[in-house]
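K.L.:
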Amino acid sequence: MAHLVIPDSRSIVRVVYFLAAVAVAAVASVAAVSSPMLAVGILLVMVFTFVSFWRPQFGIALWLVATVFIPSWTVLASVGTQIQPYYLAVPVVIGLTLRRIHGRISHGRVFSLSFVDLSVVTGVVLVMFYESIFQQASFLSTNVLFTLFLGYVIGRLSEPVQHNVFAVLMIIVAIWGILEFGLSWHAFVDWQATGGGIGPALQERGGFTRSEATLGHAIAYGACLAAAIPFVRSFKRAAVLQVILCAGVLVSFSRGPILAVVFTFALMVFVERSSKRRLTSIVFLIAGLTLVYFVFTFLYNGSGQSEVQASSSYRDNAVASSIQFTNVIGPADGLQLNADGRYETNGVDIIDSAPLRLALDFGWLVTVLLLMPAVAAIVAVLRRRAGPATVALAAQVPVLLVTSFITQWQVIFFFIAGLAINEMVASRRGKSVGRDIDVNTVDTALIRVSK
Numbered sequence: 003m004a005h006l007v008i009p010d011s012r013s014i015v016r017v018v019y020f021l022a023a024v025a026v027a028a029v030a031s032v033a034a035v036s037s038p039m040l041a042v043g044i045l046l047v048m049v050f051t052f053v054s055f056w057r058p059q060f061g062i063a064l065w066l067v068a069t070v071f072i073p074s075w076t077v078l079a080s081v082g083t084q085i086q087p088y089y090l091a092v093p094v095v096i097g098l099t100l101r102r103i104h105g106r107i108s109h110g111r112v113f114s115l116s117f118v119d120l121s122v123v124t125g126v127v128l129v130m131f132y133e134s135i136f137q138q139a140s141f142l143s144t145n146v147l148f149t150l151f152l153g154y155v156i157g158r159l160s161e162p163v164q165h166n167v168f169a170v171l172m173i174i175v176a177i178w179g180i181l182e183f184g185l186s187w188h189a190f191v192d193w194q195a196t197g198g199g200i201g202p203a204l205q206e207r208g209g210f211t212r213s214e215a216t217l218g219h220a221i222a223y224g225a226c227l228a229a230a231i232p233f234v235r236s237f238k239r240a241a242v243l244q245v246i247l248c249a250g251v252l253v254s255f256s257r258g259p260i261l262a263v264v265f266t267f268a269l270m271v272f273v274e275r276s277s278k279r280r281l282t283s284i285v286f287l288i289a290g291l292t293l294v295y296f297v298f299t300f301l302y303n304g305s306g307q308s309e310v311q312a313s314s315s316y317r318d319n320a321v322a323s324s325i326q327f328t329n330v331i332g333p334a335d336g337l338q339l340n341a342d343g344r345y346e347t348n349g350v351d352i353i354d355s356a357p358l359r360l361a362l363d364f365g366w367l368v369t370v371l372l373l374m375p376a377v378a379a380i381v382a383v384l385r386r387r388a389g390p391a392t393v394a395l396a397a398q399v400p401v402l403l404v405t406s407f408i409t410q411w412q413v414i415f416f417f418i419a420g421l422a423i424n425e426m427v428a429s430r431r432g433k434s435v436g437r438d439i440d441v442n443t444v445d446t447a448l449i450r451v452s453k
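Per this note's numbering, the very first residue in the sequence shown carries number 3; after that it's consecutive.
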């Protein structure tokens, strides 16, 4: 008697992956006829997807390298479509998702969603819904989906090894910025400055050109370096590395990132359990406060006084003249596209505040939902139950309040948010989350893992 052989789940998965690879290869072959560049793009997507599936953490590391070192205004035009660097997150997330599905089928592994995850997802869904209801330009929802949300997803799917990867990349960027300042040489000053690119001009303050390395803006550069400080605590020569990061922030001449450095050391002093490390953080905090005093004295009373005052006055006027038009649900009253292709409210199109910019575009409800990771990080720090990523995220508040989401910093911010939620979820499960900061448990009211 013939027996019916039913293939196991692993065999089915292999067949599905093989058919998918054949289908993508066929599409790439057809695309090569009409556009070789498109075919190359499809093959790159396949490579990123395969690497992220086969070696998930290596795929994430490659994505981090690309995110940090490819300027955000880089544009690759193909078949009437402009492809930007943040699209690289798509194949990475696809590969990571397939890996999770494969793990669940083969080994019964389950990825749980926290309350913060659900908040962020709800915020993204509302943004997509608003695009249709309020007839908003697609670039608003595209930025939230591909830049903010996918950065968060990759952070959530990352292992602690990515702490080291991020820290090393930021040390390289810090040294780059210091050399940039000392040599007065800026590699990307003419990078796609015309045509499809939107390369920003270099900024000056107090007679000095502000360093920005590959990050397109001095504030973004300084903010990313400040975020890396808690991650180097477990490195050998941690003090030297922190000095390098602080020096990198200093040559950005950016008040928000400099304050973020002070906040970072203050929070590390607050949550640190090791007396030796707390003492080190106190020394850096005192040095940071002294540095802030001299830098701010120079900026507000020296040759940079007029520039700083003009920047502060514009920021204050922009906030005061636009915040009154915000709504709890939906975009601000009178929000419209101007001739430059930017959304403006009451004649103001540049808002130096990430929460207010989100509120003007989508309302305060979406703003709170998307920024829930930062709220959770602040609560965890106040309870002295915070790992390095949580401290880094909470210390970004000074930058968050005075800068819109710009260049690669916005991606890094949400990537770190994902890492921070990983720490909180791991803490909830009783696992160690802080290699250098002793962490017990996190507030389970904010982070509740579904079973």
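For every residue, glycine included, the Cβ atom is placed at its ideal position computed from N, Cα and C.
Closer than 7 Å by C-beta to residue 384: which residues in its own chain qualify, once you throw out the five before and the five after it? Chain order, please.
P.N.:
The residue given as residue 384 occupies position 382 in the sequence shown. So the list is empty, once near-sequence residues are dropped.
K.L.:
DSSP three-state call for residue 430: helix, strand or coil?
P.N.:
Position 428 of the sequence shown holds residue 430. It is helical.
K.L.:
Who are residue 339's beta bridge partners in DSSP?
P.N.:
Translated into the one-based positions of the sequence shown, residue 339 becomes position 337. DSSP lists 345 as partners of residue 339.
K.L.:
Could you check where the alpha helix (DSSP H) with residue 177 kicks off and where it finishes?
P.N.:
Here residue 177 is taken as the residue at index 175 of the sequence shown, counted from 1. Segment 163-185, the alpha helix (DSSP H) holding residue 177.
K.L.:
Hey, is the stretch 154-172 in contact with the stretch 421-431, meaning 3+ C-beta pairs nearer than 8 Å?
P.N.:
Enough Cβ pairs lie closer than 8 Å, so yes.
K.L.:
Mind checking which residues open and close the alpha helix (DSSP H) that includes residue 223?
P.N.:
The residue you call residue 223 lines up with position 221 of the sequence shown. That run of the alpha helix (DSSP H) goes 220-230.
K.L.:
Within the same chain, show all residues whose beta-carbon is closer than 7 Å to that of residue 325, passing over the 5 residues directly before and after it, in chain order.
P.N.:
Here the question's residue 325 lines up with position 323 in the sequence shown. Same-chain partners within the cutoff: 358.
K.L.:
Would you list the residues sitting across from residue 210 in a DSSP beta bridge?
P.N.:
Within the sequence shown, numbered from 1, the residue matching residue 210 stands at position 208. Paired residue(s): 207.
K.L.:
According to DSSP, is residue 408 helix, strand or coil?
P.N.:
The sequence position of residue 408 within the sequence shown is 406, counting from 1. Reduced to three states, the DSSP call for residue 408 is coil.
K.L.:
Does residue 196 pass the burial test, meaning 16 or more other C-beta atoms within 10 Å, or should it be called exposed?
P.N.:
Taking the sequence shown and counting its residues from 1, the one referred to as residue 196 is at position 194. Unreliable placement is indicated for residue 196, whose pLDDT of 44 sits below 50; no coordinate value is reported for it.
K.L.:
If you draw a straight line from the alpha carbon of residue 172 to that of residue 215, how long is it in whole angstroms?
P.N.:
On the sequence shown, position 170 is the one that residue 172 refers to. On the sequence shown, position 213 is the one that residue 215 refers to. Each residue's Cα considered, the two are about 11 Å apart.
K.L.:
So, using beta-carbon positions, are residue 355 and residue 321 closer together than 9 Å?
P.N.:
Position 353 of the sequence shown, counted from the first residue, corresponds to residue 355. Position 319 of the sequence shown, counted from the first residue, corresponds to residue 321. In this structure, residue 321 lies closer than 9 Å to residue 355 by Cβ.
K.L.:
Just to confirm, is the Cβ distance from residue 348 to residue 364 under 9 Å?
P.N.:
Counting from 1 along the sequence shown, the entry for residue 348 is found at position 346. Counting from 1 along the sequence shown, the entry for residue 364 is found at position 362. The answer is no: Cβ separation not under 9 Å.
K.L.:
Is there contact between the stretch 398-416 and the stretch 219-229, where contact requires at least three CB pairs shorter than 8 Å?
P.N.:
The stretch 398-416, when compared against the stretch 219-229, does touch it at the 8 Å Cβ threshold.
K.L.:
Give me the Cβ distance between residue 260 and residue 294, rounded to the nearest whole Å; I'm assuming they're in contact under 8 Å.
P.N.:
Numbered from 1 along the sequence shown, position 258 holds the residue referred to as residue 260. Numbered from 1 along the sequence shown, position 292 holds the residue referred to as residue 294. The Cβ separation is near 6 Å, so the contact holds.
K.L.:
Measuring alpha carbon to alpha carbon, tell me which of 154, 360, 350 ends up nearest residue 129.
P.N.:
The residue you call residue 129 lines up with position 127 of the sequence shown. The shortest C-alpha separation from residue 129 is found at 360.
K.L.:
Pick helix, strand or coil for residue 423, following the three-state DSSP scheme.
P.N.:
Position 421 of the sequence shown, counted from the start, is the residue given in the question as residue 423. Helix, per DSSP.
K.L.:
Mapping DSSP to helix, strand and coil, what is residue 253?
P.N.:
As a working mapping, residue 253 is identified with position 251 in the sequence shown. Of the three classes helix, strand and coil, the one that applies to residue 253 here is coil, per DSSP.
K.L.:
Identify whether residue 146 lies in helix, strand or coil by the three-state DSSP scheme.
P.N.:
Locating residue 146 in the sequence shown gives position 144, where the first residue counts as 1. DSSP places residue 146 in helix when its eight states are reduced to three.
K.L.:
Can the beta-carbon of residue 332 be found closer than 9 Å to that of residue 136?
P.N.:
The residue labelled residue 332 in the question sits at position 330 within the sequence shown. The residue labelled residue 136 in the question sits at position 134 within the sequence shown. Contact: yes.
K.L.:
Kindly indicate the opening and closing residues of the alpha helix (DSSP H) around residue 387.
P.N.:
The residue you call residue 387 lines up with position 385 of the sequence shown. Neither: residue 387 is in no alpha helix (DSSP H) and is coded neither H nor E.
K.L.:
Does DSSP put residue 330 in a helix, a strand or coil?
P.N.:
For the purposes of this step, residue 330 is taken as residue 328 along the sequence shown, with counting starting at 1. DSSP places residue 330 in coil when its eight states are reduced to three.
K.L.:
For residue 252, which option in 176, 270, 390 has the closest C-alpha, if you only look at C-alpha atoms?
P.N.:
Numbered from 1 along the sequence shown, position 250 holds the residue referred to as residue 252. Cα-wise, what sits closest to residue 252 is 176.
K.L.:
If we ignore side chains and look at the alpha-carbon of each, how far apart do residue 140 and residue 299 end up?
P.N.:
On the sequence shown, residue 140 is found 138 positions in, with the first residue counted as 1. On the sequence shown, residue 299 is found 297 positions in, with the first residue counted as 1. For residue 140 and residue 299, the distance between alpha carbons rounds to 43 Å.
K.L.:
Can you tell me where the alpha helix (DSSP H) with residue 89 in it begins and where it stops?
P.N.:
Position 87 of the sequence shown, counted from the first residue, corresponds to residue 89. Taken as a continuous stretch (DSSP letters only), residue 89 belongs to no alpha helix (DSSP H), as it is neither H nor E.
K.L.:
Which of the three DSSP states is assigned to residue 350 in this structure?
P.N.:
Taking the sequence shown and counting its residues from 1, one reaches residue 350 at position 348. Reduced to three states, the DSSP call for residue 350 is strand.
K.L.:
How do the stretch 204-211 and the stretch 91-104 stand: do at least 3 beta-carbon pairs fall below 8 Å, yes or no?
P.N.:
Because the criterion of three Cβ pairs below 8 Å is not met, the stretch 204-211 and the stretch 91-104 do not touch.
K.L.:
Count Cβ pairs between the stretch 56-70 and the stretch 380-395 that sit closer than 8 Å; are there 3 or more?
P.N.:
No, the stretch 56-70 does not touch the stretch 380-395.
K.L.:
Assign residue 288 to buried or exposed, taking buried as 16 or more other Cβ atoms, counted over all protein chains shown, within 10 Å of its Cβ.
P.N.:
Residue mapping note: residue 288 aligns to position 286 of the sequence shown, counting from 1. Burial call: exposed.
K.L.:
Looking only at its chain, what residues have a beta carbon closer than 8 Å to the beta carbon of residue 156, apart from the 5 residues adjacent to it on each side?
P.N.:
Here the question's residue 156 lines up with position 154 in the sequence shown. 62, 65, 91, 94, 95, 98, 417, 420, listed in sequence order.
K.L.:
Where does residue 78 fall in DSSP's three states?
P.N.:
As a working mapping, residue 78 is identified with position 76 in the sequence shown. Strand, per DSSP.
K.L.:
In chain order, what residues of the same chain lie with their CB nearer than 8 Å to the CB of residue 264, ignoring the 5 residues before and after it?
P.N.:
For the purposes of this step, residue 264 is taken as residue 262 along the sequence shown, with counting starting at 1. Same-chain partners within the cutoff: 287, 290, 291, 294.
K.L.:
Measure the Cβ-Cβ separation of residue 75 and residue 218 and say whether it is below 9 Å.
P.N.:
As a position in the sequence shown, residue 75 is number 73, starting the count at 1. As a position in the sequence shown, residue 218 is number 216, starting the count at 1. In contact: residue 75 and residue 218 (Cβ atoms closer than 9 Å).
K.L.:
Roughly how many angstroms separate the alpha carbons of residue 404 and residue 353, rounded to a whole number?
P.N.:
For the purposes of this step, residue 404 is taken as residue 402 along the sequence shown, with counting starting at 1. For the purposes of this step, residue 353 is taken as residue 351 along the sequence shown, with counting starting at 1. Taking the straight line from one Cα to the other gives about 9 Å.
K.L.:
Pull up the distance between the alpha-carbon of residue 381 and that of residue 346, whole angstroms please.
P.N.:
In the sequence shown, counting from the first residue as 1, residue 381 sits at position 379. In the sequence shown, counting from the first residue as 1, residue 346 sits at position 344. Rounded to the nearest angstrom, the two C-alpha atoms are 33 Å apart.
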